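Heads up: the sequence shown begins at 1 in UniProt numbering, then just goes up one per residue. We treat Cβ as the ideally placed atom computed from N, Cα and C, and that holds for glycine. It should be emphasised that the depicted structure is a prediction, and the values quoted were computed from it without experimental measurement.
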Amino acid sequence: MRRYDSSPSSLVEAATCVWSQYYPEDHNIGIRQPGETRSAQYYSPISDTDGRFQAAMTFLNCFRDGEQWAPLLQVIRQRLQHYAVCDLTQANVTVVWLHYTELIRTGTADFERAVTENIEDVLLCLGIALCMRRHELRVEAEEDITRKRSMPVDRTKITVRLHGVTPVLPIAALKADVVNQFVSVVGTVVRVSAIKPLVTRCDFVCAKCNEATSRAFPDGKFIPPQRCENSPCRGRTLLPNRSSVDTVDYQKIK
């Protein structure tokens with residue numbers, strides 16, 4: 001039986017559908033959804049030569065190895081203090097926990113250095129790989145050939161979190177030598193702020209040409225565009241499209 005889930009085009013499509021959720025600055029990478037103000041020509045698929053996509057493909061190949069990676073795929077059940085084996089075919093999987101030590105053990109020779117020095121990209125590529133694996137598993141589980149060929153891609157973002165990170169440092173031990181490195185800290189939280197929404201991406205509609213200009217705010221610093229990016233318009237009045245806003249929960253702890 002032919003396996004439609006493993007075709008390169010299917011994997012590129014699966015990655016493209018979720019890409020901008022991991023990399024908001026790549027707002028032009030995607031597939032237009034019904035009701036969007038931007039045209040289909042605005043979007044383009046992720047290039048299979050992109051280094052981040054290739055890294056995600058490397059992780060995907062590892063996730064396909066059940067004996068090697070099954071013990072790592074864990075998700076916390078709500079209201080329970082233990083881990084359960086993660087089933088990516090379920091609709092409610094949004095967070096996957098990976099054991100840090102086992103992740104390092106199964107990586108390539110320079111993987112530990114990449115995790116330590118570039119953990120943000122590693123976690124994002126792991127999440128994209130899990131989204132692609134989710135699509136593969138759902139296609140494999142579908143028995144109807146017609147549905148198998150046209151299986152829609154789940155756009156739900158999977159966030160990867162690590163547990164068992166070593167060494168664990170007290171907050172007082174955070175010095176200049178660990179700046180920009182991935183560390184685990186232990187301390188006592190004495191005060192928390194209220195949870196607020198933090199804008200990570202928003203479309204701005206030009207009052208002159210009615211085209212959309214997208215902006216990503218990965219650090220939460222809201223800096224709207226100064227002019228329309230659609231040539232040759234270059235209008236200077238842009239209004240936020242509130243229906244396009246992407247937000248995350250934000251909270252300060254002390």
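{"Query": "Extent of the continuous beta strand (DSSP E) run through R215", "Result": "A212 to A216"}
{"Query": "Meets three-Cβ-pair contact criterion under 8 Å: the region 128-140 and the region 52-59", "Result": "yes"}
{"Query": "Between the CA atoms of L126 and residue 257 - distance to the nearest angstrom", "Result": "What the structure shows of the chain is the stretch from 1 to 254, and residue 257 is not part of that stretch, so it cannot be assessed."}
{"Query": "8 Å Cβ cutoff met for E25 and A216", "Result": "yes"}
{"Query": "Own chain partners of D246 with C-beta closer than 8 Å, once the 5 adjacent residues on each side are dropped", "Result": "Q21, P24, V199, T200, R201 and C202"}
{"Query": "Contact between the region 30-48 and the region 9-18 (3+ Cβ pairs under 8 Å)", "Result": "yes"}
{"Query": "Contacting residues, own chain, Cβ-Cβ under 7 Å from G235 (five flanking each side not counted)", "Result": "C206, A207, K208, C209, R227 and C228"}
{"Query": "When S150, V178, Y250 and K254 are compared against V190, the one with the closest alpha-carbon", "Result": "K254"}
{"Query": "Local Cβ density within 10 Å of H27, reported as buried at 16 or more and exposed below that", "Result": "buried"}
{"Query": "6 Å CB neighbourhood of V185 in its chain, flanking five on each side removed", "Result": "L169 and I171"}
{"Query": "CB contact flag (V115, I104, <8 Å)", "Result": "yes"}
{"Query": "Near the ligand GTP: E142 beta-carbon under 7 Å from a heavy atom", "Result": "Inclusion of the ligand GTP in the displayed structure is not the case, the ligand content being empty and no account of it being possible."}
{"Query": "Three-state secondary structure assigned by DSSP to C228", "Result": "coil"}
{"Query": "Same chain, Cβ closer than 6 Å to A212, five either side skipped, listed in chain order", "Result": "T37, R38, D203 and V205"}
{"Query": "For N241, the residue or residues it bridges with in DSSP", "Result": "D203"}
{"Query": "CA nearest to the CA of N241, picked from P224, C233 and Y250", "Result": "P224"}
{"Query": "The alpha helix (DSSP H) enclosing V18, as first and last residue numbers", "Result": "P8 to Y22"}
{"Query": "Beta-carbon proximity check, V160 vs V96, cutoff 8 Å", "Result": "yes"}
{"Query": "Cβ neighbour criterion (16 or more within 10 Å) applied to R147", "Result": "exposed"}
{"Query": "Contiguous beta strand (DSSP E) assignments of at least 3 residues, all confined to the region 124-190", "Result": "159-163, 168-170 and 184-186"}
{"Query": "Terminal residues of the alpha helix (DSSP H) in which R52 lies", "Result": "G51 to F63"}
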